[in-house]
């Protein structure tokens with residue numbers, strides 16, 4: 004399991020949201036993006052099982 008999958012599992016938000024927030028934070032720090040834009044992001048719920056869950060089930064067979 005990689006760090007991103009672990010963050011999704013523990014945090015309960017999608018990978019896309021984690022990546023989006025990291026990118027917006029980086030761009031805001033660089034001064035390329037206005038802080039007001041960064042505040043418009045909302046976390047999204049994960050949909051379905053994680054890819055690591057699917058691979059674990061295959062190993063159990």
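In the working numbering, the protein residues as written are 4 to 64.
Beta carbons: idealized from backbone N, C-alpha and C, even for Gly.
Using the beta-carbon count (16 or more within 10 Å), is residue i buried or exposed?
i, result
"residue 40", "exposed"
Rounded to the nearest angstrom, what separates residue i and residue j at their Cα positions?
i, j, result
"residue 37", "residue 12", "30 angstroms"
"residue 30", "residue 8", "23 angstroms"
"residue 5", "residue 34", "30 angstroms"
"residue 10", "residue 32", "22 angstroms"
"residue 14", "residue 26", "18 angstroms"
With a threshold of 9 angstroms between beta carbons, is residue i in contact with chain C?
i, result
"residue 40", "The structure shown contains no chain C; it is built from a single protein chain."
Exercise for review: Only counting runs of 4 or more residues, tell me where the alpha helix (DSSP H) segments fall wholly within the region 9-48, in order along the chain.
Suggested key: 18-33, 38-41
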